[in-house]
């Protein structure tokens, strides 16, 4: 994993398989570094756990470093958000075929420590996208920042995701699920337990929301073991995002930069899954294994 150029070449090759476009931004002057190459650099740094742009430009090969300055790289990366989003959607379509079972969960994304939240100006340029305080029941902690809601296949490929304020309850994300899915089974935890939402999803889009019951509920029955086992896949993915891709470490100052960082890490994970499946024919979730 220490050979940046070899990993970059492999990821760039995959991106060129996904799309024929090399330039996504309209610019008066043709840049030396193409947009697709910039995205490949970004994804390679996330795969290799290089989370600092200062460190990235230390290890970046001269053949790439001479094509772009660090400040220009940062600005162009933020502008390429929609292009990265397009690429991850294309990757998901190739990785997920005829899938009827999905897993739903959320994860806290802390921006700054709770004690520093009052004086923090990070991501506060607009009210609608500014962070706020929330509570994570699984970790039993209060935090300041955002929450990522995600749906993945039972194999571990992210199909849909959204960033919301930390105070937004998980169950409200089901409104987005209703607009993106149909005729499938979605596995969730007890945070999505609601008879009204379950009925609405089934009647409107034929979505069966499979959620474990609480022990004090009437007619309690234990959830099937296969559902409990498959639901752990998304928790493993979140752990991999925190460990290898360092998704909870934040260096962004604006919300545009923050959401671009999150999207890049999810896309890097999906690219490695694509390489594992279609190039090496191995378990797609072996993310720390060499790709060269």
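Residue numbers (the UniProt record's numbering): 1 to 292.
Yeah, the Cβ is synthetic: ideal placement off N, Cα and C, and Gly gets one too.
Quick caveat, the model's predicted, so the values are computed rather than measured.
Residue i versus residue j - alpha carbon distance
i           : j           : result
residue 128 : residue 19  : 33 Å
residue 283 : residue 39  : 25 Å
residue 1   : residue 114 : Any reading at residue 1 must be qualified, since the residue scores a pLDDT of 48, below 50, and its modelled position is unreliable; the value itself is stated next. Their backbone Cα atoms lie some 35 Å apart in a straight line.
residue 224 : residue 257 : 41 Å
residue 288 : residue 41  : 18 Å
residue 52  : residue 275 : 25 Å
residue 146 : residue 131 : 6 Å
residue 297 : residue 122 : Outside the displayed span of the chain (1 to 292) sits residue 297, for which this structure offers no information.
residue 77  : residue 267 : 13 Å
residue 214 : residue 220 : 7 Å
residue 232 : residue 238 : 10 Å
residue 189 : residue 195 : 14 Å
residue 13  : residue 34  : 14 Å
residue 252 : residue 141 : 23 Å
residue 116 : residue 126 : 19 Å
residue 197 : residue 170 : 12 Å
Rounded Cβ spacing between residue i and residue j (contact assumed at less than 8 Å)
i           : j           : result
residue 153 : residue 99  : 5 Å
residue 88  : residue 270 : 5 Å
residue 210 : residue 226 : Actually they do not touch by this definition, with Cβ atoms about 10 Å apart.
residue 32  : residue 84  : Wrong, their Cβ atoms sit about 20 Å apart, outside the cutoff.
residue 63  : residue 4   : That belief does not hold up - the Cβ atoms of residue 63 and residue 4 are roughly 11 Å apart, past 8 Å.
residue 28  : residue 292 : Not quite, the Cβ-Cβ distance comes to about 37 Å (not below 8 Å), so this is no contact.
residue 95  : residue 277 : 7 Å
residue 201 : residue 178 : 6 Å
Cβ pair residue i, residue j closer than 9 Å
i           : j           : result
residue 295 : residue 73  : The displayed coordinates of the chain run from 1 to 292. Any statement about residue 295 would go beyond what the structure contains.
residue 92  : residue 158 : yes
residue 119 : residue 166 : no
residue 273 : residue 191 : no
residue 11  : residue 22  : no
residue 49  : residue 240 : no
residue 150 : residue 234 : yes
residue 144 : residue 168 : no
Close beta carbons around residue i, own chain, < 7 Å, minus the five adjacent residues each side
i           : result
residue 182 : 205, 206, 207
residue 148 : 106, 107, 109, 161, 163, 262
residue 176 : 162
residue 15  : 36, 39, 40, 87
residue 43  : 11, 264, 267, 268, 271
residue 286 : 276
residue 279 : none
DSSP bridge partner residues for residue i (one or two, in chain order)
i           : result
residue 146 : 109, 165
residue 183 : Its beta-bridge partners do not exist; DSSP assigns none.
residue 275 : Note: residue 275 sits in no beta bridge, so no partner.
residue 160 : 151
8 Å CB neighbourhood of residue i in its chain, flanking five on each side removed
i           : result
residue 230 : 101, 103, 154, 187
residue 79  : 25
6 Å Cβ shell around residue i - same chain, five flanking residues per side excluded
i           : result
residue 173 : 149
residue 55  : none
Minimum Cβ-Cβ distance from residue i to chain D less than 9 Å
i           : result
residue 179 : Protein chain content of the structure displayed is limited to a single chain, and chain D is not contained in it.
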